[in-house]
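J.: Going left to right, the sequence shown walks through residues -3 to 549 as this note's numbering numbers them.
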Amino acid sequence: MEDVQSNLADREYELKALKYIARIQNVLADINDIQLNIMEYLQSIFKTEHIILTIITKDNPNQVLMKYLGDKHKWSMQELVNLEKGIIWQAIFSKKVTEILSRKPNPVYDTQFESIPGFTARSILSVPLLTDGRILGVVTLLNYFGAPLTPERLEFLSCLTTALANAIRNYDMLQELKRSNADLETSRWELLNSRNTLRALFDSIPASMYIVDPDYILIAINKSRADWAKLPPSRLVGNKCYQILYGENEPCINCRAMETFNSGIPTTRILRKWLDKDTFIEWEISTYPINDQDERPIQVILVENDVTEKRYLEANLIQSEKLAAVGQLAAGVAHEINNPLAAIIANAQLLIREIPHDNKDIHDSLQLIEIAGTRASQVVKNLLGFARKEEYDFARIDINETIQNALSLVQHEINSRPLVISLAFKENMPPAVASKDHLQGVWVNLLMNAIDAIDPQPGEIIITTDFRDKEYLISFTDNGRGIAADKLERIFEPFYTSKSAGQGTGLGLSVCNRIVKKHGGVITAESSLGKGSRFSVTLPTAPLSKVTGSLSG
């Protein structure tokens, strides 16, 4: 009766073990807890005095972790050892169940690792932990006194050890997956950081850049190009470049991107867009292929550089070369022009002295000859000023007096037109340190421009002077034709003129600007088309450089 009850208890415990095995198949339980539970089931079912779990390390198949089951659901001892002999070693390399039933010493038995201090092993059974033909370790039963190891009992033992092997394999796979996930997460962050770095670099490049595929679809675009399109990059990517960037319904004519897709080589072209007849924007567009492993272009990078300023600088350089050429020409012909002019002016002055003053018509004609000769001489001096040093004879002068002198020089021009000159001079201004002849040249130039702007209609020129905050303020205002806004910003450029061919050289205001700057002042222009213009000159009481002497032109 007792045997029957004992057998029933054993069967019940075995059933409990099988249920536990079934439960842990799909549950991520703690591997240490699984090992302890299965080892305790084995110890109870097979009634062993001691049980050892041996797990092979991954790096070295001869090195194992030996875990000895203790009391209270704990390991009594764990140690990492190198096996070179013994029953456990034999079970590992044979992948077969190894058993020793003997009270006598056995040469196969390894007393160092297959025993427990103070314990005598009389029977040893080592069962390999196999899964898919791969051995993960060994379960070793020491002194088992249960029912005989019938085929059924061995099958049950195999069932438990296989479950343990699967649990260990699943744990290893889970750990490997965690490591892979950690590596993947690390790689993801590295990739993200690299992407952010590349994005920052991509966006910080001042040149406009974008990438397209063979279907003209935008793959990426940097901030500079997106700002130009006035849309965020996320709104631009995924659209056809010619539609979203250029507002076209079909690919651009002579598209260099498609040329690079076809040829696989970089290209460059110039695109110029005229805003009006005098102003343009120009881009230099370069394309570079992105190749696959077969060196075939799969994407193309387009780099657009705004070279408008470069072109204007080149144009200014050409203008500078023109100025140099004019300077050389002026130096060559100066004597040829100045000599006859000097003769004309001198003879006119002699005739004025000799002819009686009651012959007013002749006197007026001679004065006109003298004035015209003086103006011609001044033009030559202005041209020479671009090629060599000019002498600025700085002295204390009266600003109002220089303007009166300039008016007298152009009095004939004023008298021959329906003009009114209005003067609003500040009286008792302190004397200025300036070059009298040069300032008179500025006033004459501004007066002649105002007269030309009014002619042939009746008009008025208002000249004002003032002195505030240690500065002289001089303005010339007319109610003439005015200057268009797009031309106003260029009027001080050498050779730029809005007059018809033959009516002006484009040097007058440029010379005025240069003279005013030499005096440490500023000249500005305001104008409204059809309403008139105002030129304002601000001068210090003395230039910042030496008050007297020469300044290079």
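Cβ coordinates follow ideal geometry from the N, Cα and C atoms, glycine included. Please read all numbers here as calculations on a predicted model, not as lab measurements.
Between Ile410, Ile399 and Ala253, which has its C-alpha nearest Lys236's C-alpha?
T.: Reading the sequence shown from its first residue, position 240 is the one you call residue 236. Of Ile410, Ile399 and Ala253, the residue nearest in Cα terms is Ala253.
J.: Skipping 5 residues on each side, what residues in its chain have a beta carbon closer than 7 Å to that of Asp288?
T.: The residue given as residue 288 occupies position 292 in the sequence shown. If we look at Asp288 and ignore the five residues flanking it on each side, its Cβ neighbours are Ile294.
J.: Please tell me whether Cys508 and Asn424 are closer than 7 Å, where the distance is taken between their beta carbons.
T.: As a first step, residue 508 must be located in the sequence shown, where it is residue number 512. As a first step, residue 424 must be located in the sequence shown, where it is residue number 428. Result no, Cβ atoms of Cys508 and Asn424 do not sit closer than 7 Å.
J.: What is the rounded straight-line gap between the Cα of Ser506 and the Cα of Gly260?
T.: The count along the sequence shown starts at 1 and reaches residue 506 at position 510. The count along the sequence shown starts at 1 and reaches residue 260 at position 264. In a straight line, the C-alpha of Ser506 is about 51 Å away from that of Gly260.
J.: If we ignore side chains and look at the alpha-carbon of each, how far apart do Asp465 and Leu313 end up?
T.: As a position in the sequence shown, residue 465 is number 469, starting the count at 1. As a position in the sequence shown, residue 313 is number 317, starting the count at 1. Roughly 38 Å separates the two Cα atoms.
J.: Short of 8 Å in beta carbon distance, which residues of its chain neighbour Thr370, apart from the five on each side in sequence? Order them along the chain.
T.: Residue mapping note: residue 370 aligns to position 374 of the sequence shown, counting from 1. Correct list, in chain order: Ile341 and Leu405.
J.: Just the Cα atoms here: how many angstroms apart are Ala538 and Pro336?
T.: Taking the first residue of the sequence shown as position 1, residue 538 is located at position 542. Taking the first residue of the sequence shown as position 1, residue 336 is located at position 340. Cα to Cα, the separation comes out at about 36 Å.
J.: Per the DSSP calculation, Glu278 is bridged to which residue(s)?
T.: Against the sequence shown, residue 278 aligns to sequence position 282. Its beta-bridge partners are Arg268.
J.: How would you call Arg265, buried or exposed, if buried means at least 16 neighbouring beta carbons within 10 angstroms?
T.: Counting from 1 along the sequence shown, the entry for residue 265 is found at position 269. The residue is exposed, with fewer than 16 neighbouring Cβ atoms inside 10 Å.
J.: Looking only at its own chain, which residues have a Cβ that is under 6 Å from the Cβ of Tyr16, when we skip the five neighbours before and after it?
T.: By one-based count along the sequence shown, residue 16 stands at place 20. Contacts found: none.
J.: Of the residues Arg165, Leu173, Ile34 and Lys432, which one's Cα is nearest the Cα of Tyr388?
T.: The sequence position of residue 388 within the sequence shown is 392, counting from 1. Answer by Cα proximity: Lys432.
J.: Is the stretch 152 to 161 touching the stretch 73 to 86, taking contact as three or more C-beta pairs under 8 Å?
T.: No, they do not touch.
J.: Take the Cβ of Met62 as the centre, count every other Cβ of all protein chains shown within 10 Å, and call the residue buried at 16 or more, exposed below.
T.: Position 66 of the sequence shown, counting from 1, holds the residue named residue 62. By the neighbour-count rule (16 or more Cβ atoms within 10 Å), Met62 is buried.
J.: Could you tell me which of Gln171, Ser471, Glu36 and Ile479 sits nearest to Leu160, measuring between CA atoms?
T.: What you label residue 160 is simply residue 164 of the sequence shown in a count that begins at 1. Among Gln171, Ser471, Glu36 and Ile479, the Cα nearest to that of Leu160 is on Glu36.
J.: For Asp209, which of helix, strand or coil comes out of DSSP?
T.: Taking the sequence shown and counting its residues from 1, one reaches residue 209 at position 213. Here Asp209 sits in coil by DSSP.
J.: Name the two residues that bound the continuous beta strand (DSSP E) containing Val77.
T.: In the sequence shown, the residue the question calls residue 77 occupies position 81. Segment Trp71 to Asn78, the beta strand (DSSP E) holding Val77.
J.: Does DSSP classify Ile131 as helix, strand or coil?
T.: Start at 1 with the first residue of the sequence shown, and residue 131 comes out as number 135. Strand at Ile131.
J.: Quick check: the Cα distance between Trp71 and Ile131, rounded to an integer number of angstroms?
T.: For the purposes of this step, residue 71 is identified with residue 75 of the sequence shown, where counting begins at 1. For the purposes of this step, residue 131 is identified with residue 135 of the sequence shown, where counting begins at 1. Whole-angstrom Cα-Cα distance: 22 Å.
J.: Using C-beta distances below 6 Å, list every residue in its chain close to Leu535, excluding the 5 sequence neighbours before and after it, in chain order.
T.: Counted from its first residue, the sequence shown places residue 535 at position 539. Tyr468, His515 and Gly517, listed in sequence order.
J.: Using the C-alpha atoms, what's the distance from Glu186 back to Asp290?
T.: Start at 1 with the first residue of the sequence shown, and residue 290 comes out as number 294. Start at 1 with the first residue of the sequence shown, and residue 186 comes out as number 190. Each residue's Cα considered, the two are about 27 Å apart.
J.: Does Asp482 have its Cβ less than 7 Å from a Cβ in chain B?
T.: Judged by its chain identifiers, the structure shown contains no chain B, having just a single protein chain.
J.: Counting only the same chain and skipping the five closest in sequence on each side, list residues whose C-beta sits under 8 Å from that of Val123.
T.: For this step, residue 123 is matched to residue 127 along the sequence shown. Hits under 8 Å: Ala87, Val93, Val134, Val135, Thr136, Leu137, Leu153, Ser154 and Thr157.
J.: So for Gln499, helix, strand or coil by DSSP?
T.: Indexing the sequence shown from 1 puts residue 499 at position 503. At Gln499 the pLDDT is 45, less than 50, meaning the model places this residue with poor confidence and gives no usable figure here.
J.: Taking just the CA atoms, how far does Phe276 sit from Ser523?
T.: Locating residue 523 in the sequence shown gives position 527, where the first residue counts as 1. Locating residue 276 in the sequence shown gives position 280, where the first residue counts as 1. Approximately 23 Å between the Cα atoms of the pair.
J.: Provide the residue(s) that pair with His46 in DSSP beta bridges, ordered along the chain.
T.: Mapped onto the sequence shown, residue 46 falls at position 50. Its beta-bridge partners are Leu138.
J.: According to DSSP, simplified to helix, strand and coil, what is Gln289?
T.: Against the sequence shown, residue 289 aligns to sequence position 293. Coil, per DSSP.
J.: Go ahead and pull the three-state DSSP assignment for Pro536.
T.: For the purposes of this step, residue 536 is taken as the residue at position 540 of the sequence shown. Strand.
J.: For a minimum of 3 consecutive residues, which ranges assigned as the beta strand (DSSP E) are wholly contained in the stretch 416 to 504?
T.: The stretch 416 to 504 contains these whole beta strand (DSSP E) runs: 428 to 431, 455 to 464 and 467 to 474.
J.: Can you list, in chain order, the residues of its chain with a C-beta nearer than 6 Å to that of Lys422? Leave out the 5 residues immediately preceding and following it.
T.: Numbered from its first residue, the sequence shown carries residue 422 at position 426. The residues are Thr461, Asp462 and Phe463.
J.: Excluding five sequence neighbours on each side, which residues of the same chain lie with their C-beta closer than 7 Å to the C-beta of Gly455?
T.: In the sequence shown, counting from the first residue as 1, residue 455 sits at position 459. Here the set comprises Leu415, Asp474, Asn475 and Gly476.
J.: Whole angstroms is fine: what's the gap from Gln374's alpha carbon to Gly504's?
T.: Numbered from its first residue, the sequence shown carries residue 374 at position 378. Numbered from its first residue, the sequence shown carries residue 504 at position 508. Straight-line Cα distance between these residues: approximately 11 Å.
J.: Identify which residue in Ile164, Asp223, Ile519 and Ile447 has its Cα closest to the Cα of Leu125.
T.: Numbered from its first residue, the sequence shown carries residue 125 at position 129. Here the closest residue by C-alpha is Ile164.
J.: Mind checking which residues open and close the beta strand (DSSP E) that includes Glu148?
T.: Taking the first residue of the sequence shown as 1, we reach residue 148 at position 152. Where Glu148 is concerned, there is no enclosing beta strand (DSSP E), although the alpha helix (DSSP H) it sits in stretches over Pro147 to Ser200.
J.: Which residue wins for smallest C-alpha separation from Ala372, given the options Ser40, Glu332 and Val233?
T.: Translated into positions along the sequence shown, residue 372 becomes position 376. Checking every option, the nearest Cα to that of Ala372 belongs to Glu332.
J.: Taking Arg252 as part of the alpha helix (DSSP H), name the residues at either end of that continuous run.
T.: Start at 1 with the first residue of the sequence shown, and residue 252 comes out as number 256. From DSSP, the alpha helix (DSSP H) with Arg252 extends over Arg252 to Ser259.
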